[in-house]
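Numbering (UniProt numbering), first residue to last: 1 to 384. Quick reminder that beta carbons are idealized off the backbone N, C-alpha and C, glycines included. One structure is given below, encoded as structure tokens.
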Amino acid sequence: FFFFFFSLTTTPVRYLGVPLEYYCDSEPYWRRQAVELREKAEKLNGFQLSIFARATFCNVFLVSKLWYVLQVMHCSRVNLQKLHRIFAVFLWGSSWERTSRTNLFRRVRSGGLGLCHLYLRQLVNRFMFFRNNRDPFIRTVIQLRLGRRLPEFVVASVHMKASVRGFLKEVVDSCLFLKTRFSLEYLSTVSRKKLYKDLVETVLPVPLYRALYRVGPGQNVLSRVKKMEVTPGAKSFFFKLHTGTLPVKTWMQEKGLFVPWGVDCLLCKKPETIEHVFLDCWDAVFFWDVLQRTLKIDLPLDAYGIRFLPVSNEEGIPFDLVMLLGLHGIWQSRMAVRHADVNARPVRQYFFQSVCSFVEAQKVQQEVPEWLHQVESLLQMKEF
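Structure representation (structure tokens):
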């Protein structure tokens, strides 16, 4: 720190957990945080968490610590993208991202995972700091330093010609960013929470896997699956099915991955697509036929139905959950065959295993559902 001809060499203290020694140059701090964050994420890869639980863990534990410092310290867009990359890789439990990263930041009911978007939250925070600040000293600084940059927002008769950097530059960028997308009347009254939600809907595009099926029932399918009492693997499986990122052979070929023995199904000798695996393959056809006869209902077995589970739960019976367990059983059986599992089993047995786990979990509750015996009767489903 320099003041006229005096040089102050004392390192600033750590105030309320914020390392003020990095206030002028925050690059080393965020570089170290990215390394520590990656190490924490790698330690959690061994836990059996669903992709929804991983997103919640990121928001509650990983983001909260970063955001505490990010509220008052400058962070470049490049560093924010590094942090987003670490979050995305952790969510997928892989070394690469299977779909566009922007899809993960949308709300669960809109086809995403509700992951916190640090850059958009930074924009909202800087704008709220500018709009709601009532401290006389800070208001004077804003008028002197930002009056020339933000004439639509600040009225000042005296200006400073010094350049704007760091935190104040983020304030200027956020105001200009929001001004081009929203009206001044809206920005003068909107709350912090609503502004962030509207930014997510405005800035992030609708995912392609949702744009193809924007009209129809069951649009809240991810919210329903997130609340279902099924295994974490079943939840992660359905999210991949819904987003079109299941590693079927045609998808792997499109991503440039090596596919031994071609892209044809081993049973039907036809291209292995998602629709073929769950609707047209012999295993799927026989399984769905017996299951529908046992339930005595017609399930929505089409490209839309397997992705959105638009089936009504009559008398409280979770038919959408049963359909999800059926889809997961088909996929488990296919993966066992593909990976040459010595204990590979037919679809029916994987389905029974999932139903048994669900029934046992319901029986230990204080109030056992009245419809549980109907779900339990699926264990008597005939062999095909």
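- alpha helix (DSSP H) segment containing Pro136, residue limits: Pro136 -> alpha helix (DSSP H) spans 136–146.
- Between which two residues does the alpha helix (DSSP H) carrying Phe351 extend? Here the alpha helix (DSSP H) through Phe351 covers 347–363.
- Whole angstroms is fine: what's the gap from Phe278's alpha carbon to Pro300's? Computed Cα separation, rounded: 12 Å.
- Hey, how far is the Cα of Ala336 from the Cα of Gly329? Inter-residue distance for Ala336 and Gly329 is about 11 Å (C-alpha atoms, whole angstroms).
- Item | Contact under 8 Å by Cβ, Glu272 with Lys296 | No, they are not a contact pair.
- Query: Between Arg192, Tyr68, Ser50, which lies nearest to Met128 when the distance is taken from Cα to Cα?
  - Reply: The residue among Arg192, Tyr68, Ser50 with its C-alpha nearest the C-alpha of Met128 is Arg192.
- Message: So, for Val263: in the same chain, excluding its five sequence neighbours on each side, which residues have a beta-carbon less than 7 Å away from its beta-carbon?
- Response: Closer than 7 Å at the Cβ level, and outside the excluded window around Val263, lie Lys249, Thr250, Gln253, Pro271, Glu272.
- Task: Go through the UniProt domain "Reverse transcriptase zinc-binding" (209–288) residue by residue and report every complete run of the alpha helix (DSSP H) that reaches 4 residues or more, in order.
- Result: Correct list: 221–227, 232–243, 249–254.
- Item | Residue nearest to Leu204 in terms of C-alpha spacing, selected from Phe286, Leu150, Asn103, Val124 | Leu204 has its Cα closest to that of Asn103, out of Phe286, Leu150, Asn103, Val124.
- Return helix, strand or coil for Val18, following the three-state DSSP convention. Here Val18 sits in strand by DSSP.
- Task: Leaving aside the five residues before and after Val221 along the sequence, list all residues of the same chain whose C-beta is less than 6 Å from its C-beta, in chain order.
- Result: Excluding positions up to five away in sequence, the list reads Phe308, Leu309.
- For the alpha helix (DSSP H) containing Glu185, list its first residue and its last residue. Membership of Glu185 in the alpha helix (DSSP H) is indicated by the continuous run 184–189.
- residue 399 burial status per 10 Å Cβ neighbour count (16 or more: buried): There is simply no residue 399 to check, as the chain begins at 1 and stops at 384 in what is shown.
- Task: For the segment 161–174 and the segment 83–91, state whether three or more C-beta atom pairs, one from each stretch, are separated by less than 8 Å.
- Result: The answer is no - the segment 83–91 does not touch the segment 161–174, with fewer than three Cβ pairs under 8 Å.
- So, helix, strand or coil for Phe127, using DSSP? In the structure shown, Phe127 adopts helical secondary structure according to DSSP, grouped into three states.
- Below 8 Å between beta carbons: does that hold for Val375 and Val364? Between Val375 and Val364, the gap from beta carbon to beta carbon reaches 8 Å or more.
- Can you give the Cα-Cα distance for Glu185 and Phe177, rounded to whole angstroms? If I take the Cα positions, the gap works out to 15 Å.
- Alpha carbon to alpha carbon, what distance is there between Thr294 and Ala234? Straight through space, the alpha carbons of Thr294 and Ala234 are spaced by roughly 22 Å.
- Message: Since Phe122 and Leu70 should fall inside the 8 Å C-beta cutoff, what is the C-beta to C-beta distance between them, to a whole number of angstroms?
- Response: According to the sequence displayed, residue 122 carries Gln and not Phe. Sure, about 6 Å apart at Cβ, within 8 Å.
- Between the Cα of Asp25 and those of Gly166, Arg224, Val322, spot the shortest distance and give me the residue it belongs to. Out of Gly166, Arg224, Val322, Gly166 has the C-alpha closest to the C-alpha of Asp25.
- Query: In chain order, what residues of the same chain lie with their CB nearer than 7 Å to the CB of Arg149, ignoring the 5 residues before and after it?
  - Reply: The answer, listed in chain order, is Val164, Val172.
- Item | Three-state secondary structure assigned by DSSP to Asn133 | When secondary structure is reduced to three states using DSSP, Asn133 falls in the coil class, being assigned neither helix nor strand.
- Please work out which residues of its chain come closer than 6 Å, Cβ to Cβ, to Phe4, disregarding the five sequence neighbours upstream and downstream, and give them in chain order. Reliability fails at Phe4, whose pLDDT of 47 lies under 50, so the model's placement of it is uncertain and the value that follows must be treated cautiously. So the list is empty, once near-sequence residues are dropped.
- Message: Quick check: the Cα distance between Pro207 and Arg107, rounded to an integer number of angstroms?
- Response: Computed Cα separation, rounded: 12 Å.
- Express the C-alpha separation of Ser223 and Asp289 in angstroms, rounding to a whole number. Looking at the two C-alpha atoms, the distance is approximately 28 Å.
- For the segment 310–329 against the segment 224–233, are there 3 or more C-beta pairs whose distance is under 8 Å? Yes: at least three Cβ pairs fall under 8 Å.
- Does the beta-carbon of Gln380 have 16 or more other beta-carbons within 10 angstroms, so that it is buried, or is it exposed? By the beta-carbon neighbour count (other beta carbons within 10 angstroms, threshold 16), Gln380 is exposed.
- Message: Beta-carbon within less than 8 Å of Ile138's beta-carbon, same chain only, minus the 5 sequence neighbours each way: which residues are those?
- Response: Scanning its chain for C-beta atoms nearer than 8 Å, with the 5 sequence neighbours on each side dropped, one finds no residue around Ile138.
- Item | 8 Å Cβ cutoff met for Cys116 and Asn59 | In terms of Cβ geometry, Cys116 and Asn59 form a close pair [threshold 8 Å].
- Message: Helix, strand or coil for Leu309? Go by DSSP, reduced to three states.
- Response: Assigned with DSSP and collapsed to three states, Leu309 falls in coil, not helix or strand.
- Query: Relative to the alpha-carbon of Arg210, which residue among Glu152, Phe258, Leu241 has its alpha-carbon at the smallest distance?
  - Reply: Nearest Cα to Arg210 within the set Glu152, Phe258, Leu241: Leu241.
- Message: Let's test the definition: count the other Cβ atoms within 10 Å of the Cβ of Asp283 and tell me whether it reaches 16, buried, or not, exposed.
- Response: When all chains shown are included, Asp283 counts as buried.
- Query: Going by alpha carbons, who is nearest to Leu321 out of Glu275, Phe238, Leu66?
  - Reply: Sorting Glu275, Phe238, Leu66 by C-alpha distance to the C-alpha of Leu321 places Phe238 at the top.
- Task: Could you tell me if Phe1 is buried or exposed, where buried requires 16 or more neighbouring beta carbons within 10 angstroms of its beta carbon?
- Result: Bear in mind that a pLDDT of 45 at Phe1, under 50, signals an unreliable position, so the number given afterwards is only what the model happens to contain. It counts as exposed.
- Assigned secondary structure, Gly326 (DSSP; H/G/I helix, E/B strand, else coil): Residue state, collapsed to three classes: helix.
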